[in-house]
Amino acid sequence: MLLIFPDTSSIADYVSTALINTIKSKPRVVLGAATGGTMEPIYARFVNQVRQQQVDVSGLTSFNLDEYVGLSPDHPKSYAAYMHHHLFKHVGFDGARHHLPDGRATDLDAHCCEYSAKLQQHGGIDLQLLGVGGNGHIGFNEPGTAFDSRCHVVQLSERTRMDNSRFFAENAIVPASAITMGMQDIMDAREILLIATGEGKAPILAEYYQNDITEAIPLTILKRHPRAKIILDEAAASLLPNSVRQDFVTAEADC
Ligand code: GLP
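Under the numbering used here, the first residue of the sequence shown carries the number 112, and numbering increases by one thereafter.
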């Protein structure tokens, strides 16, 4: 299903409310957590709503999508530090329940297997939050990644490293590789919310709707998921073909 909102603030409201409703109906929910600029307003709204409504989040378990190889959890640009800063240091999360790949593991391949296995032991993901890279990557699954992949080490493309360089200080080097949940790990989630905001994401969203399912555009795998919602602001939706917008209007009217 495609949902288009006027701005990032209304997306933050929608996604945060969806998270809270999920936690209320299943306090021991397993969340697939994402990072990146897109998620920041969403986590900020979620923390506020949790405070205001005094929601108990102590039973929530999370598994993050990815982490840079070589960065320790206390490195300020690690995704572990991101999650701590935007979510886990706030409002009653139980630290022991939150999992990220370890970018400093000595045997990275073995660690990836353990991460996928741990995810399965927890019964898999109930609700997966997902962003998208400008080249269509999800998690850090770059174009060409096999759809049946599990957690693995990936060499980041120049495009991705350039896109993400804005989060690193000038002259700091974006790591060349990362650990990511695989495409199949993501698809195993029972529900997926893919969020994209800003005009920079408009071309890849247009490609999503113009192409069939292909490993060349990892995002397209979501067309196969029975419960995936594509959540866009007007800027990210600005290049969508008219036919898609018409479907969207119909879909919205049906809801
Ligand atoms: C990174 C993350 C992805 C994220 C993407 C988009 O590459 N590994 O999981 O979806 O960036 O990030 P942003 O929201 O900053 O555009």
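For every residue, glycine included, the Cβ atom is placed at its ideal position computed from N, Cα and C.
Predicted model, so just to flag it, every value in this text is computed and none were measured.
Using a Cβ distance threshold of 8 Å, Ala313 and Ser260 do not count as a contacting pair.
Shortest gap from the CB of Asp237 to any heavy atom of the ligand GLP: 7 Å or more. Sequence-distant partners of Leu182 (beyond 5 residues in either direction) whose C-beta falls short of 7 Å from its own C-beta, in its chain, are Lys188, Ser189, Gly214, Pro286. For Phe279, the closest of Cys223, Tyr193, Tyr154, Gly309 by C-alpha to C-alpha distance is Tyr193. Glu253 and Gly247 have their C-alpha atoms some 7 Å from each other. Taking 8 Å as the cut-off, the Cβ atoms of Leu240 and Ala144 count as close.
Screening all residues for a C-beta within a distance smaller than 6 Å of any heavy atom in the ligand GLP leaves Ala145, Thr146, Gly147, Gly148, Thr149, Leu176, Asp177, Gly242, Val243, Gly244, Gly250, Phe251, Thr271, Asn275, in chain order. Of the residues Arg208, Val243, Ala216, Phe251, the one whose Cα lies closest to the Cα of Gln232 is Arg208.
In this structure, the beta-carbon distance from Val141 to Val202 does not fall below 8 Å. By the neighbour-count definition (other C-beta atoms within 10 Å, threshold 16), Asn275 is a buried residue. Taking a cut-off of 8 Å on C-beta distances, the region 219-229 does not touch the region 117-128, as fewer than three cross pairs fall below it. Its chain contains Ala191 as the residues whose beta carbon lies nearer than 6 Å to that of Pro184, once the 5 sequence neighbours on both sides are disregarded; these appear in chain order.
Here the alpha carbons of Pro352 and Ala289 stand approximately 34 Å from one another. Within the same chain, Thr331 come within 6 Å of Thr325 by CB-CB distance, once the 5 residues on both sides are set aside. Annotation for Thr291: the continuous beta strand (DSSP E) segment containing it runs 288-291.
Taking the Cα of Pro138 as reference, the smallest distance to any Cα among Ser173, Ala317, Thr119, Phe116 is reached at Ser173.
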